[in-house]
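Note that the numbering used here numbers the sequence shown so that position 33 is 351, with each residue one more than the last.
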Amino acid sequence: MQQAYRIICHIIAACVVIQAAAIAWATFTMGQYVQDGKPITDSTDFAGFDVHQVVGQFVIPPLALVLLLIALIGKLGVKWSAWLLLVVVIQVALAYASFAVPGLGILHGIVAFAVLGLAEVAARSVGAPSSHSRAAQAGPAT
């Protein structure tokens, strides 16, 4: 269970990095598009925006939910996985709210760091015991 928990945490963190890369790709592609004098219409599609949305809406939230379920079943890292799920819900809400109030997009970008950080803290919270504690469990050397 610990291994599955840690792997999901690392996948969530990696997804945040993928989202950051995708949104940068989309933004710079759009900038180049405008610089080239091409019009942006409702039908203009920038793949980076799609990647960002799919990962943020259909990958990270289910993974955060699965992580909490694993935490509850395995009785490990429940506090961190619950916080992570809460912050993911806030992040998704900020994404939707940012379409109506674009300034909230700043918070959406900042909260992404919280998602990444919480995922990694959660992974460490159930990390393998240190070599010192393993040696103590093994007993004195003969």
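Beta carbons are placed, not taken as given, at the ideal position from N, Cα and C, and that holds for glycine.
The structure displayed is predicted, hence computed values, not measured ones.
Between the C-alpha atoms of residue i and residue j, what's the straight-line distance to the nearest angstrom?
{"i": "Q337", "j": "G445", "result": "26 angstroms"}
{"i": "K356", "j": "F364", "result": "13 angstroms"}
{"i": "G366", "j": "A342", "result": "8 angstroms"}
{"i": "Q320", "j": "V406", "result": "21 angstroms"}
{"i": "C333", "j": "G423", "result": "18 angstroms"}
{"i": "L387", "j": "D354", "result": "49 angstroms"}
{"i": "L412", "j": "H426", "result": "6 angstroms"}
{"i": "A400", "j": "T362", "result": "38 angstroms"}
{"i": "L390", "j": "W398", "result": "11 angstroms"}
{"i": "Y323", "j": "P420", "result": "35 angstroms"}
{"i": "V373", "j": "Q409", "result": "12 angstroms"}
{"i": "S416", "j": "Q375", "result": "14 angstroms"}
{"i": "M348", "j": "P379", "result": "27 angstroms"}
{"i": "A340", "j": "Q371", "result": "9 angstroms"}
{"i": "L434", "j": "V396", "result": "17 angstroms"}
{"i": "F346", "j": "K393", "result": "44 angstroms"}
{"i": "Y351", "j": "R442", "result": "42 angstroms"}
Counting along the chain, where does the alpha helix (DSSP H) carrying residue i start and finish?
{"i": "V433", "result": "L422 to S443"}
To which residues of the same chain is residue i closer than 6 angstroms at the C-beta, ignoring the five residues directly before and after it?
{"i": "I326", "result": "L381 and L385"}
{"i": "A344", "result": "F364, G366 and F367"}
Cβ-heavy atom distance between residue i and the ligand ADP below 6 angstroms?
{"i": "A415", "result": "In the structure on display, the ligand ADP does not appear, and there are no ligands present to speak of."}
Grab me the residues of residue i's own chain with a C-beta within less than 8 angstroms of its C-beta, minus the 5 sequence neighbours each way, in chain order.
{"i": "A437", "result": "C327, H328, I330, A331, V334 and L402"}
Apart from the five residues on each side of it in sequence, which residues of its chain come closer than 7 angstroms, Cβ to Cβ, to residue i?
{"i": "V377", "result": "C333"}
> Fully enclosed by the region 354-406, which beta strand (DSSP E) runs are 3 residues long or longer?
Replying inline: none
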